[in-house]
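Step one of this worksheet: look at the structure below.
Next up, the structure:
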């Protein structure tokens, strides 16, 4: 770190450096300096990522600035991360200012996905805050010539316990950055002693959202900005044969950018840009593409064969010998994330440097994407991500950022690109469709005898069997996808756990065993057992159900958190009508950091999962998405929402896990199993009943 | 053309087929109303026109001349939030909150014609608004309690 500083700092800046000798604590020297940005230039390297200042700084006014490359997409980490820092530093949450997802100001971060913020960024920031607290106590000890064991922190100050005298953090740090290395052995406040973390702190910047004041990227305006639109192909696999852009140029202020297959327009307002784009006359060459009707055959035929023949033979042998067998295949359709704010970016070039604001879960990933697109060093690209209009795993990529930057470079002005809903449906990426084949068997005493499971294309998340089976053969076969596919909340766990929990239900039915008892009998994982029992008890699993009603249960775990979901449906046989009566879920993600927002996440996951469970599916034919609008693609609305009861299991003895994904996995199999219970019909597709029960029965 | 938004008269010079949403967002820089679908199917762009909640994305700006338009920015009075804005905060009735302005405007229209709606009346009135984060139960609570 010292080396970096000497390398980049001009000699005149040297006087700003201060060396403070500290005593004890295993730390010899605290190096602090001020005005780093002022002398090091706008795109300079940040403080070393292993230093406290990279993560937490005390402003001269006493505000605590916290730096993280993670981003806020509605999961409320701006609040929960502020809470854990406030806890370690003994300051109120409102004295924390979170600086998030800015490639210039925050340490490198791979991205906000995979439920990683809470288990990785939370501990990192706690460690940084605790290290800072330790340094502040050391600094006060030096100033007071006191033993640091006589000191403690309270409400943003170091307090000398005996005399009662205090020094505020800002009086100690004097606006300087504390670049001591993070102390890996620093003592953290245990969850049992938390007073700020673990409490229902409201969304920290909530007011700006209900007033309309918050600026999402799609709301942003920079001086001199124009609006960009990009010409899209009519189908996947189409290439531009020829294009006439003359008519598009007719309107005042319109500029047309053509570069090989890329055609874009800019205009002083979005309507003029859209009008101009509509006047581009283009002819496209298309190639035949697979359609929805043949998708599952296609995915299987184009999949990779994996080894493991011996294992497969063992599973098949055990299957053949077992008295109770279930053999099923499951079809899972492609679905869309539909973040309510579509992809958006504002890009501006200045002196060969590129600045982009964009709604993305991976600002550093987009920075690299831009650096590649324009063959420039990534240090000359700054990406910033204001709190954005959701993602659900659907905003890992930087398409709008690249398009805005491309247009901005060509027209020499800042450009904003906001995708339409249609573009978002057609040209973002989807949750993969998949085919799952399962053959499972049990002994007549209810013990699982064999488990053979093949997933074609969905992915490997959640594919492992949580239950104990004598023989297992489990494989994910990657395939060639005809549609753009990518990450989605819970990844393939929604598909895999749907299949696992459906098969478990049907095995129990064949065995004439209670589905909950059958699961518990084959389970060793205490946390999964606990959520299953907790949900069942809250639901009243053992209570008699009204005639025509069905109960279903499902559970699972991914990424170190556990969900169990119970559903009740009512089936009116005469009318062939099905109603979701209620849902109960129990969830355990270890220590709870914010129960208010955790419950919100679990609720959102379950209800969003209702869409994929019941009716969401992308329809496509020959490379064209046929339902690219919210009037054609159905997402859950108010009338779809059943009464929902959520039990949060707070395990203060277990490190917190991320909660934005796992709760989605239980709802589809729970409803499916409830339908089977009520009607005797085993539905093995996701969505279960896109046209209502009738079509599928 | 002239339009009245949040009790202020504006003169606009916009392309013929400009929507009320673009007029608000682009020409008046009132960006609280959001684009979500462009076909009046998600409610993110809802504003009040003469007291009724309408999707501004499919409302031609020319059609609201001589009418009174209220947007989310017009609800706060003297630094005090509208009861529905406050209720959304109190109930934590959002996640990404991109839908909140449209939700709140639709709820303001509902409450002005029906101050004590039942749960079912809330569902019926709000069916045109999508919360993709699915904070629906809390939104219903907020509307009930406001």
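Chains as they are written, first to last, in my numbering: chain A, 31 to 727; chain B, 616 to 761. We put the CB at the ideal spot given by N, CA and C, even for glycine.
Between the CA atoms of residue j and residue i - distance to the nearest angstrom
i, j, result
"residue 219 of chain A", "residue 418 of chain A", "32 Å"
"residue 158 of chain A", "residue 115 of chain A", "8 Å"
"residue 686 of chain B", "residue 232 of chain A", "25 Å"
"residue 127 of chain A", "residue 699 of chain B", "27 Å"
"residue 656 of chain B", "residue 692 of chain A", "29 Å"
"residue 387 of chain A", "residue 375 of chain A", "5 Å"
"residue 730 of chain A", "residue 559 of chain A", "The displayed coordinates of chain A run from 31 to 727. Any statement about residue 730 of chain A would go beyond what the structure contains."
"residue 245 of chain A", "residue 286 of chain A", "28 Å"
"residue 712 of chain B", "residue 248 of chain A", "14 Å"
"residue 565 of chain A", "residue 102 of chain A", "30 Å"
"residue 671 of chain B", "residue 745 of chain B", "15 Å"
"residue 431 of chain A", "residue 396 of chain A", "8 Å"
"residue 666 of chain B", "residue 674 of chain B", "15 Å"
"residue 640 of chain B", "residue 494 of chain A", "49 Å"
"residue 436 of chain A", "residue 404 of chain A", "8 Å"
"residue 727 of chain B", "residue 100 of chain A", "41 Å"
"residue 702 of chain B", "residue 757 of chain B", "5 Å"
Exposed unless 16 or more other CB atoms sit within 10 angstroms - verdict on residue i
i, result
"residue 202 of chain A", "buried"
"residue 631 of chain B", "exposed"
"residue 731 of chain B", "exposed"
"residue 49 of chain A", "Low confidence applies to residue 49 of chain A: its pLDDT is 30, below 50, so where it sits in the model is not reliable enough to give any reading."
"residue 299 of chain A", "buried"
"residue 58 of chain A", "Because residue 58 of chain A carries a pLDDT of 28, less than 50, the predicted location of this residue cannot be relied on, and the following value inherits that uncertainty. Label assigned to residue 58 of chain A: exposed."
"residue 656 of chain A", "exposed"
"residue 318 of chain A", "exposed"
"residue 402 of chain A", "exposed"
"residue 90 of chain A", "exposed"
"residue 497 of chain A", "buried"
"residue 407 of chain A", "exposed"
"residue 364 of chain A", "buried"
"residue 618 of chain A", "buried"
"residue 353 of chain A", "exposed"
"residue 485 of chain A", "buried"
Where residue i sits in the DSSP three-state scheme
i, result
"residue 187 of chain A", "strand"
"residue 744 of chain B", "coil"
"residue 513 of chain A", "coil"
"residue 299 of chain A", "coil"
"residue 359 of chain A", "strand"
"residue 58 of chain A", "Caution is warranted here: a pLDDT of 28 is assigned to residue 58 of chain A, below 50, making its placement in the model unreliable, and the coordinate value is therefore given only provisionally. Coil at residue 58 of chain A, not helix or strand."
"residue 109 of chain A", "helix"
"residue 709 of chain A", "helix"
"residue 275 of chain A", "coil"
"residue 307 of chain A", "helix"
"residue 549 of chain A", "helix"
"residue 125 of chain A", "helix"
"residue 197 of chain A", "strand"
"residue 577 of chain A", "coil"
"residue 241 of chain A", "coil"
"residue 620 of chain B", "strand"
"residue 71 of chain A", "Interpretation of residue 71 of chain A is limited by its pLDDT of 34, a score under 50 that renders its predicted location unreliable; no figure is taken from the coordinates."
"residue 648 of chain B", "coil"
"residue 591 of chain A", "strand"
"residue 150 of chain A", "helix"
"residue 627 of chain A", "helix"
C-beta neighbour in chain E for residue i, strict 8 Å
i, result
"residue 747 of chain B", "The structure shown has no chain E; the protein chains it does contain are A and B."
Residue i beta carbon near the ligand FAD (any heavy atom closer than 7 Å)
i, result
"residue 200 of chain A", "Among the components of this structure there are no ligands whatsoever, and the ligand FAD is therefore not found."
Q) Is it true that the segment 162 to 171 of chain A meets the segment 206 to 225 of chain A, where meeting means three or more beta-carbon pairs spaced less than 8 Å apart? A) Yes: the two stretches touch, three or more of their Cβ pairs being nearer than 8 Å.
Q.
Tell me whether the segment 660 to 672 of chain A and the segment 333 to 348 of chain A touch, counting them as touching only if at least three CB pairs, one residue from each stretch, are closer than 8 Å.
A. The answer is no - the segment 333 to 348 of chain A does not touch the segment 660 to 672 of chain A, with fewer than three Cβ pairs under 8 Å.
Q: Specify whether the segment 544 to 551 of chain A and the segment 710 to 721 of chain A touch according to this definition: at least 3 beta carbon pairs, one from each stretch, less than 8 Å apart.
A: Counting C-beta pairs closer than 8 Å gives fewer than three between the segment 544 to 551 of chain A and the segment 710 to 721 of chain A, which falls short of the contact rule.
(Q) Ignoring anything shorter than 3 residues, give me the beta strand (DSSP E) runs that lie fully in the segment 461 to 499 of chain A, in order along the chain. (A) If we require 3 residues or more, the beta strand (DSSP E) runs fully inside the segment 461 to 499 of chain A come out as 464 to 472, 478 to 486.
Q: Say whether the segment 432 to 451 of chain A touches the segment 363 to 377 of chain A, bearing in mind that this needs 3 or more beta-carbon pairs closer than 8 Å, one atom from each stretch.
A: With the rule of 3 Cβ pairs closer than 8 Å, the segment 432 to 451 of chain A counts as touching the segment 363 to 377 of chain A.
Q) Are there three or more Cβ pairs, one per stretch, closer than 8 Å when the segment 357 to 365 of chain A is compared with the segment 520 to 540 of chain A? A) With a cut-off of 8 Å on Cβ pairs, the segment 357 to 365 of chain A is in contact with the segment 520 to 540 of chain A, counting three or more such pairs.
Q: Spell out a yes or no on whether the segment 131 to 144 of chain A and the segment 176 to 187 of chain A are touching, meaning 3 or more CB-CB pairs, one atom from each, closer than 8 Å.
A: No, the segment 131 to 144 of chain A does not touch the segment 176 to 187 of chain A.
Q. Counting Cβ pairs, one atom from each stretch, are 3 or more of them under 8 Å apart for the segment 670 to 680 of chain A and the segment 632 to 647 of chain A?
A. Three or more beta-carbon pairs drawn from the segment 670 to 680 of chain A and the segment 632 to 647 of chain A are found closer than 8 Å, and the two stretches are therefore classed as touching.
(Q) For the structure I just gave you, are there three or more beta carbon pairs, one from the segment 424 to 441 of chain A and one from the segment 265 to 284 of chain A, closer than 8 Å? (A) The segment 424 to 441 of chain A vs the segment 265 to 284 of chain A: no contact.
Q) Does the segment 626 to 641 of chain B come close enough to the segment 301 to 321 of chain A to have 3 or more Cβ pairs within less than 8 Å? A) A contact exists between the segment 626 to 641 of chain B and the segment 301 to 321 of chain A.
Q: Please list the segments of the alpha helix (DSSP H) lying wholly inside the segment 680 to 760 of chain B, counting only runs of 4 or more residues, in order along the chain.
A: Taking only runs of at least 4 residues, the alpha helix (DSSP H) segments lying wholly in the segment 680 to 760 of chain B are 698 to 705, 715 to 728, 734 to 741, 751 to 760.
Q: Report yes or no: do the segment 135 to 147 of chain A and the segment 603 to 617 of chain A share at least 3 C-beta pairs separated by less than 8 Å?
A: Here the segment 135 to 147 of chain A makes no contact with the segment 603 to 617 of chain A; the two share fewer than three CB pairs at distances below 8 Å.
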